[in-house]
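Report on one structure; see the data block that follows.
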Amino acid sequence: MKRRLTCPLDCPDACSLLVTVEEDRLVKVEGDPNHPITQGFACVKTYRYPERQHHPLRPLHPMRRKGSKGSGVWERITWDEALDAIAERLKAVLDAYGGEAVLPYHYAGTMGLVEQQHPLAFFRAIGASELDETICATAGAAGWEAAYGSPRYGVDPEDVPHARFVILWGINSLATHSHLTPKLKAARKNGAHIVHIDPYENKTSRFADEHIKIRPGTDAALAYALAHVIFAEGLEDRAYLERAAQGVAAFRAAAMEWPPERAERVTGVPAERIRRLAREFAAARASFVRVGYGMTRHPGGASALRAVVLLPALIGAWQYPGGGALLTTSGAFPLNRARLGGAHLLTDPPAPKGYLRPNPRARHVNMNQLATALNALDDPPIQVLFVFNSNPLVVAPNTNGVRKGLMREDLFVVVLEQAMTETAQYADILLPATTFLEHPDLYTAYGHYYLSWNDPVLEPAGEARPNTWVFRELAKRLDLEEETLYWDAERVARSLLDTDHPWLEGITLERLRREGFVRLNLPRPFLPFKDGANTPSGRIAFDPPPPVILTEPEPEYPLILLTPPAHSFLNTTYGHLERLVAAEGGEPVLWMHPVDAEARGLVDGQRVRIRSRHGAVIRRLRVTEAPMPGTVVLEGTWWGVWAPDREPINVLTGEHLTDMGGGSTFHSNPVEVEPAPEA
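Numbering of the sequence shown is given in full-length UniProt numbering, commencing with residue 1 and proceeding in unit increments.
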């Protein structure tokens, strides 16, 4: 039997998939040829989903820790035993410490709004600490909103074939937005020139017509240098700027401080190349900039992204089909989120009753600072940690600190999982979670403008249950009287679709169920900032000019480490599938430029020790001209089990945050590399 589903994973493409099910097993995954973005192909990762769905080590029953923390020694228990134990521990902690002693840690293991967001209603009902979901997108969001306001959206990918000049800036789109590729090919066929700006050569660099290597964290300087040339040579669209923008004079003054020669010294991009790029970008008019979140993983990341996405406005590109910029389309889905995840409990809380203790002023924990939260927060300390849709022992900064926190004997850890992750090994109670084939959900996208719905096509494996079911059952045991806690997926979806916004007019759950996916009611072509922006003034904000905040190495740690996505992984979701691990070379490898290798007496293939202020790991070295000198690269968030020392790469990263949005700074890690000690 072949059924249509939407891929739930953290990727802009939100692909429509055709899945083949035989005898209650997933046997094949294909791209849906009828979806205008998916166009009949899926990524190399998704094709392997059957192996993940039926992995022999998938948790299938509730389990209680029997050995020491992290030992992975379990005893099987019933759901009632598991839920009763969790509820009793919660009651004790809530009585002794209050709700802020409970912390949910979650992110985008599924992008389905029901299973990703609605569980938060439980935590808001008991007044738990609020998790700030900042590990990925908040710096980019802050930078974009400072320029164009909120909600956030940009060029329709379906209009990209009309672009006449394309810059892929800080994004390896062939790995992380692969369904943009056919649109880029169409633009190229129509005469567009494609430029990739990135610190190292990757698949997208080789696809592009031109690759410009840039030193990490210097994107704002390059953006200003391009603007300098545009202003100096009178290439800006003055009429458009007068009509649609504000603060241009201040931005111009800032840009004039960055002539190409100065920018060359900072960015490593030759001055003449900067001039040529600026002229070609401006001359095309219908120029398109696809920015990724890579440039935001630096101390000045939000400001850098803002400087870059203002460039299309400078030349009036938003007036032309395919012209403008794209970071995300997520803000274009005007769903009614007033009660999603108990949002109303933060704005209009009911009176406390029993364990119903909503607290709009509950303390916030930045998810990039989980290590500090687990080890240093007091008054009250974190006593109960729930982990779902995430694998923080591998993905969060400061792995050693996170591990130390998870080892606390007084910390009760509950993990809801589909795989036996490294975080799951530290659970006191491990609960088997359903996959997207086993539960219903509603999906938006952040790389296109189609809304979709999934009905389950498989019975849950073993005793797996949806996240929302778990928290409904816990709510019953705590006698919580809040109706949204007990909503099923359909009720949540109908609430979200209950809006009179014209972009959602006529889009009902029944229609989504019937058609699978539906495009928002957007005009074609979609020219969202043709006459202004979503800022309070209604104008694109060039003021105040974004500052240039550079990523700097340190004397003891003179190299900057980047850890961008690998082609065959999606964060850590597929990190345990041996065929995908083999496709990435079997183990995590550090890329280093020959100049840096020679200076350290290092040779290709040897094992090296990478150290930072936060820790050290062992990796195999690949000497290659792919990265810039002074930059080392390790693609992929690998499970530690595949590394020579079994340590995740985030042993090396700290908890420092971006200039705006409280985002992660994974690409600004000063390190040194030396021969690994003899075993």
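Idealized CB from N, CA, C, for every residue including glycine.
The alpha-carbon of Arg-408 is positioned some 27 angstroms away from that of Glu-473.
Every unbroken stretch of the beta strand (DSSP E) spanning 3 or more residues and falling wholly within the stretch 264-294 is given here in chain order: 287-291. Straight across, the Cα-Cα distance linking Asp-378 with Ala-146 is about 34 angstroms. In this structure, DSSP gives Lys-203 a helical state, which the three-state scheme calls helix. Taken through DSSP and simplified to helix, strand or coil, Pro-536 comes out as coil.
Under the 8 angstroms Cβ criterion, the stretch 40-59 counts as touching the stretch 415-426, having at least three qualifying pairs.
According to the DSSP assignment, Trp-79 belongs to the alpha helix (DSSP H) that extends over 79-97. In the structure shown, Asn-400 falls within a helical segment according to DSSP collapsed to helix, strand and coil. Rounded to whole angstroms, the gap between the alpha carbons of Gly-532 and Asn-336 is 25 angstroms.
Apart from sequence neighbours up to five positions away, the residues of its chain that approach Gly-70 with a beta-carbon distance below 6 angstroms are Gln-425, Tyr-426, ordered along the chain. Listed in chain order, the alpha helix (DSSP H) elements of length 4 or more contained wholly in the stretch 172-220 are 173-176, 181-189, 203-207.
For Thr-138, the enclosing alpha helix (DSSP H) covers residues 138-148. Measuring C-alpha to C-alpha distances from Thr-267 to each of Glu-257, Thr-218, Leu-235 identifies Thr-218 as the nearest. For Pro-544, the number of other beta carbons within 10 angstroms of its own is below 16, and it is reported as exposed. Rounded to the nearest whole angstrom, the C-alpha separation of Trp-487 and Tyr-450 is 25 angstroms. Assignment of Lys-476 by DSSP, reduced to helix, strand and coil, places it in the helix class. DSSP links Val-160 through a beta bridge to no other residue. Using a C-beta cut-off of 8 angstroms, the stretch 187-204 makes no contact with the stretch 327-342, since fewer than three inter-stretch Cβ pairs fall below that distance. Annotation: the stretch 499-533 contains the following complete segments of the alpha helix (DSSP H) (minimum length 4 residues), in chain order: 509-515. Bridge pairing for Trp-453: Leu-442 [DSSP]. Going by C-alpha positions, Leu-340 is about 12 angstroms away from Thr-347. According to DSSP, Arg-622 shares a beta bridge with Trp-591.
Per DSSP, reduced to three states, the secondary structure at Val-248 is helical.
The Cβ atoms of Cys-7 and Leu-17 sit closer than 9 angstroms to each other.
Put simply, of Leu-26, Arg-646, Gly-585, Val-248 the residue whose alpha carbon is nearest the alpha carbon of Ala-566 is Gly-585. Close CB contacts of Val-229 within its chain, under the 6 angstroms cut and outside five residues either way in sequence, are with Arg-275, Ala-278 (chain order). Excluding sequence positions up to five before and after Ala-304, its CB lies within less than 6 angstroms of the CB of Asp-219, Ala-220, Met-295, all in the same chain and listed in chain order. Boundaries of the alpha helix (DSSP H) harbouring Tyr-49: 49-53, taken from the DSSP string. Nearest to Ser-150 by C-alpha distance, out of Ser-612, Ala-676, Ser-537, Phe-41, is Ser-537. In the three-state DSSP reduction, His-344 falls in the helix class (H, G or I). Look at the beta carbons and you see the stretch 581-601 not touching the stretch 652-668: under three pairs across the two are nearer than 8 angstroms. Within the DSSP secondary-structure output, Phe-388 pairs in a beta bridge with His-106, Leu-416. Listed in chain order, the non-local C-beta contacts of Ala-139 below 6 angstroms within the same chain comprise Thr-296, Gly-301, Ala-302, Thr-658, Gly-661, Gly-663, local neighbours out to five positions each way being set aside. By the CB criterion at 9 angstroms, Glu-130 and Val-365 fall inside the cutoff. In chain order, Cys-136, Ala-137, Gly-140 place their CB closer than 7 angstroms to the CB of Tyr-293, counting only its own chain and leaving out the 5 sequence neighbours on each side.
Inclusion of Pro-432 and Gly-462 in the CB contact set at 9 angstroms is warranted, their separation being smaller than that value.
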